[in-house]
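Written out below as structure tokens is the structure these notes cover.
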Amino acid sequence: MSDKAPVTVRTRKFLRNTLLARRQMLVDVLHPGRPNVPKAELQEKLAKMYKVADTNTVFLYGFRTAFGGGKSSGFALIYDTVNDAKKFEPKYRLVRVRRSILVLLRSTHIYIYIWCRGALVVVCLCCGAQQGLSEKVEKSRKQIKESKNRAKKVRGVGRRIARHKANKANNLCTPFAMENHDIGISRDDYSSVGHGSNEALFGDMLTR
């Protein structure tokens, strides 16, 4: 099979999704004589078909090769701008998308074999990771599970922690809290004056 065989790209079920600022469609790729077609090449073809200036706004996913080969089908999304793509696309697809379509290397390492003094020397050149529109956060499975279990203890969007801090701040204004902070009011003074006469209590404190 040759990688230079012609490729035919057809789209169907085209839909303009205004709310998500994108065009979405199904893509059928006919590639007889080729095992498959790289997504970078399909991005270029779709960008040319729909007159897209920035190929980073084209996202391809879910491609499956038909039984027997020669045909693949998948989904394509074309966003209006890169900022719209960053807003609506899931993070894993932002990480996978290539910054430059010209980079068609499937590996980030290049191996050079040199015959030197009767021995074969292998030199590995690291090209660096192919950066997408978002950076991948390296986490172990243990870290992911621990953070998940910690998040279970927070109800809502941090409301439990916020309520706890607010209650703690309000408790500092009570007479019992003042007693702990050496303001000069004791529990006996508060009980002897009564709960409804705070003016007498604080007035007595100021006269001491």
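If you're matching positions, the sequence shown starts at 5 in this note's numbering and goes up one per residue. Beta carbons: idealized from backbone N, C-alpha and C, even for Gly.
Closest residue to residue i among the options (Cα-Cα distance)
i   : options                : result
H35 : G74, L137 and P94      : G74
D84 : K95, V62 and L137      : V62
K95 : A57, S138, G66 and A70 : S138
Residue i to residue j span [Cα, whole Å]
i    : j    : result
V33  : V99  : 24 Å
R164 : R154 : 13 Å
K90  : P42  : 23 Å
N40  : G72  : 12 Å
A166 : K172 : 10 Å
K146 : R14  : 44 Å
E45  : L24  : 25 Å
F92  : T59  : 17 Å
R68  : N87  : 28 Å
L64  : A80  : 5 Å
N21  : Y54  : 15 Å
Three-state secondary structure (DSSP) of residue i
i    : result
N21  : strand
F71  : coil
V101 : coil
D88  : helix
Near the ligand GTP: residue i beta-carbon under 7 Å from a heavy atom
i   : result
T12 : The ligand GTP is absent from the structure shown, which contains no ligand whatsoever.
Test item: CB-CB of residue i and residue j under 8 Å
i   : j   : result
D31 : S77 : Rather than Asp, the amino acid found at residue 31 in this sequence is Val. It is a contact, given that the beta carbons lie within the stated cut-off.
C-beta neighbour in chain B for residue i, strict 8 Å
i    : result
G162 : In the structure shown, chain B does not exist; there is a single protein chain.
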